[in-house]
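In what follows, a structure is listed as structure tokens, so that the remarks can point back to it.
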Ligand SMILES: Cc1cc2nc3c(=O)[nH]c(=O)nc-3n(C[C@H](O)[C@H](O)[C@H](O)COP(=O)(O)OP(=O)(O)OC[C@H]3O[C@@H](n4cnc5c(N)ncnc54)[C@H](O)[C@@H]3O)c2cc1C
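In my numbering, the protein residues as written are 138 to 527.
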């Protein structure tokens, strides 16, 4: 079996993995990113919406991966009331194929080695500590020894589980998502829409993210606790037919979204878990790109520091926990409580909230006010709302 040695090896070439690769390599440690697919960024399983600020924290936005800029946000209640929401945040609809490829190049330019078509299928361990990985490429098994393994293998992560980190999700903490990229849909460019209702999308919502030139991502997430496998597809089809008839479908994607509390201990001797694998997606919105970038960045920096300090035990890697606690975990636990509150709302409560907001002057149509009014019957959540939407 072919064998190599790196300081840090990263499993998965999504935003968490390539960001970890860039962060570790830029510290001067030998870093390898392994991706099972043949191209970074393909297939796309994503609505591609993200806030500009969340990218600018790490790099200047490059127009080459931006499909559209979003300035308007509209929420739709079950009875069809459209609420324009004021938001200071500017959103982007990405071209994930280009964005993920750009991130891979960013990691490479930072000094990381990257390889595609490498299916990681086992861990090298020694007395319970992680010491590397095995991967298979074209039927041939390889071994990579490493001081730190970063598991960034996405929602279906197996790598963390191999190290004994529990990442299983209960149905209530998992959304089944389906998305069409549609062409020929006449939606106002720069405006995104969210549709709520227990019949429209049980335990979730439908989104429209226009990408320009009459192309839009139209997707749905539904709670796996409330729905069987085919519901997301059927509900989305129905929605599309009602709104546009039979528009051309450019691509379709199905996928899972963790809407869970973050993994409690995403660190073991010789291992860090980041991104969807660590359940870092925002449980209220299902958005996970920014948390993948943040978690990947911290994972790479902490892994490199631990290698240099000569302590890659869970103690040597624990700085990762404090970094993500501040940047991801606290906010996600709050979002998780809010998600639980929103799931309990009846269609009547959604409609009442929409009517109350529409009775306010336009500048008061903020997300904070939407949640304050929507969750008024659950006073315990008011502090969370105030902290979440400062
Ligand atoms: C339908 C849908 C819509 C979404 N819309 C949005 C949105 O609009 N905005 C947003 O912010 N988030 C959205 N998300 C979530 C977002 O896509 C994820 O949170 C984000 O991609 C997580 O990044 P990641 O790097 O952790 O994982 P991923 O992007 O999933 O990357 C993991 C990578 O690991 C690779 N891999 C897995 N196992 C192995 C292995 N054994 N060996 C080698 N490689 C492996 C995979 O091929 C993959 O490339 C959406 C998700 C879905 C399903």
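Yeah, the Cβ is synthetic: ideal placement off N, Cα and C, and Gly gets one too.
Nearest to residue i (by Cα), restricted to the options the options
i           : options            : result
residue 167 : 139, 373, 244      : 244
residue 408 : 299, 308, 460      : 299
residue 217 : 331, 510, 231, 480 : 331
residue 525 : 476, 346, 486      : 476
residue 465 : 413, 363, 480, 479 : 413
residue 297 : 481, 483, 147      : 147
residue 185 : 157, 259, 205      : 205
residue 416 : 405, 430, 398, 426 : 398
residue 426 : 313, 289, 448      : 289
residue 312 : 366, 479, 478      : 366
residue 264 : 442, 270, 406      : 406
residue 443 : 169, 257, 210, 286 : 286
residue 155 : 260, 489, 246      : 246
residue 401 : 356, 294, 382, 458 : 458
residue 172 : 164, 250, 341, 160 : 250
residue 423 : 210, 484, 356      : 356
residue 478 : 199, 214, 341      : 341
residue 482 : 504, 510, 256, 307 : 510
residue 198 : 228, 208, 446      : 228
residue 439 : 456, 325, 326      : 456
residue 201 : 358, 235, 272, 207 : 235
residue 349 : 269, 382, 323      : 323
Integer-rounded CB distance, given that residue j should sit under 8 Å from residue i
i           : j           : result
residue 101 : residue 421 : The structure shown does not extend to residue 101, since the chain spans only 138 to 527, so no value can be given for it.
residue 152 : residue 433 : 6 Å
residue 253 : residue 304 : Not confirmed; about 24 Å, so no contact.
residue 345 : residue 329 : 6 Å
residue 314 : residue 369 : 6 Å
residue 282 : residue 261 : 6 Å
residue 460 : residue 435 : 4 Å
Residue i, buried or exposed, once every other Cβ within 10 Å from all chains shown has been counted against 16
i           : result
residue 144 : buried
residue 316 : buried
residue 500 : exposed
residue 378 : exposed
residue 179 : exposed
residue 94  : The first residue shown for the chain is 138 and the last is 527, placing residue 94 beyond what the model contains.
residue 275 : exposed
residue 140 : exposed
residue 462 : exposed
residue 531 : Within the shown structure, residues of the chain are numbered from 138 to 527, placing residue 531 beyond reach of any answer.
residue 219 : exposed
residue 232 : buried
residue 450 : exposed
residue 196 : exposed
residue 403 : buried
residue 138 : exposed
residue 437 : buried
residue 497 : exposed
residue 519 : exposed
residue 372 : buried
residue 159 : buried
residue 521 : buried
residue 516 : exposed
residue 361 : buried
Residues bridged to residue i (per DSSP)
i           : result
residue 279 : 139, 272
residue 318 : 354, 388
residue 263 : 266
residue 294 : The partner list for residue 294 (beta bridge, DSSP) is empty, contrary to what the question assumes.
residue 288 : 148, 410
residue 393 : 313
residue 346 : 354
residue 256 : 273
residue 364 : Partner(s): none; residue 364 has no beta bridge.
residue 333 : Answer is none; residue 333 lacks a bridge partner.
residue 405 : 408
residue 359 : 313
- Message: Quick check for students: name the residue ranges of the alpha helix (DSSP H) that lie wholly in the stretch 217-250, counting only runs of 4 or more.
- Response: Those alpha helix (DSSP H) runs which fall completely within the stretch 217-250 and span 4+ residues are 233-246.
- Task: Just list the alpha helix (DSSP H) runs in the stretch 427-513, keeping only unbroken ones of 4 residues or longer that don't cross its boundaries, in chain order.
- Result: Listed in chain order, the complete alpha helix (DSSP H) runs (minimum 4 residues) inside the stretch 427-513 are 456-461, 467-480, 484-495, 504-511.
- Start-end ranges of the alpha helix (DSSP H) lying completely within the stretch 158-228, minimum 4 residues: For secondary structure counted as the alpha helix (DSSP H) over 4 or more consecutive residues, the stretch 158-228 holds these complete runs in sequence order: 189-193.
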